[in-house]
Amino acid sequence: MKHQLTSKTKLLQKAWLLSDGKLLILKRSLQSRTRAGQWDLPGGNSEWPDADMDINQPHQADLIREVSEETGLDVAPFWKNRQQPIYFTTYFQGREQLFTTIVVWFIKLPRSLSAKVKISHEHSDFIWVRFDVLDQYDFGFAGGPAGFIGASMKRLLPIIKDLD
Numbered sequence: 009m010k011h012q013l014t015s016k017t018k019l020l021q022k023a024w025l026l027s028d029g030k031l032l033i034l035k036r037s038l039q040s041r042t043r044a045g046q047w048d049l050p051g052g053n054s055e056w057p058d059a060d061m062d063i064n065q066p067h068q069a070d071l072i073r074e075v076s077e078e079t080g081l082d083v084a085p086f087w088k089n090r091q092q093p094i095y096f097t098t099y100f101q102g103r104e105q106l107f108t109t110i111v112v113w114f115i116k117l118p119r120s121l122s123a124k125v126k127i128s129h130e131h132s133d134f135i136w137v138r139f140d141v142l143d144q145y146d147f148g149f150a151g152g153p154a155g156f157i158g159a160s161m162k163r164l165l166p167i168i169k170d171l172d
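Here the working numbering is used: the first residue of the sequence shown is 9, the next is one more, and so on.
Pasting the structure below:
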């Protein structure tokens with residue numbers, strides 16, 4: 009049951025990482041259980057903290073851990089205090105009786121970090137890409153208008169424009 013909070017609930021957190029005007033996307037390995045060979049955002053499923061830990065913002069620690077595991081980047085110094093997600097949704101899988109909460113964040117990174125990406129075994133490639141060409145990448149069902157990546161792109165555009 010690792011990678012889920014319980015056998016019936018999970019919290020999936022992803023992040024749009026922006027550096028030097030480009031966004032980081034990762035290509036899922038061909039061995040991935042879902043969306044194999046398709047593009048994705050850094051992040052993953054939250055896990056219960058260790059029993060002896062007291063954490064005020066476990067979702068923040070989980071996202072920072074997942075991004076670090078998948079990209080080798082430490083985004084903690086760039087996480088703004090009281091940061092709000094740019095996208096939030098829920099999804100229920102009837103056959104599996106699984107309730108998923110999906111949260112997408114935005115984190116602006118300095119230019120110096122873009123050259124330090126080291127992907128994990130979960131991915132086969134990565135690229136820093138401009139927002140205006142994201143539609144050329146196959147995100148599978150997650151990238152469509154109803155998918156969390158596609159829907160979060162709509163929320164991302166005004167944020168990026170405000171940074172210019």
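Even glycine gets a Cβ: it sits at the ideal position worked out from N, Cα and C.
Which of helix, strand or coil does DSSP assign to I127?
Position 119 of the sequence shown holds residue 127. Coil, per DSSP.
Run through DSSP, which three-state label would K162 get?
Position 154 of the sequence shown, counting from 1, holds the residue named residue 162. In the structure shown, K162 falls within a helical segment according to DSSP collapsed to helix, strand and coil.
Would you identify the three-state DSSP class for Q46, choosing helix, strand or coil?
As a first step, residue 46 is located in the sequence shown; it is residue number 38 there, counting from the start. Correct three-state label for Q46: coil.
Cut-off 7 Å between Cβ atoms - residues of its own chain near D146, not counting five sequence neighbours on either side
By 1-based counting over the sequence shown, the position of residue 146 is 138. Counting only residues of its own chain and dropping the five nearest sequence neighbours on each side, D146 has a CB closer than 7 Å to the CB of Q46 and W47.
Is it buried or exposed for D70, if we count other Cβ within 10 angstroms and need 16 for buried?
Position 62 of the sequence shown, counted from the first residue, corresponds to residue 70. Answer is buried; the Cβ neighbour count reaches 16.
Report the three-state DSSP secondary structure of I94 (helix, strand or coil).
One-based indexing of the sequence shown puts residue 94 at position 86. Residue state, collapsed to three classes: coil.
Endpoints, beta strand (DSSP E) assigned at A23
To locate residue 23, count along the sequence shown from 1; it is residue 15. In this chain, the beta strand (DSSP E) harbouring A23 covers T17 to S27.
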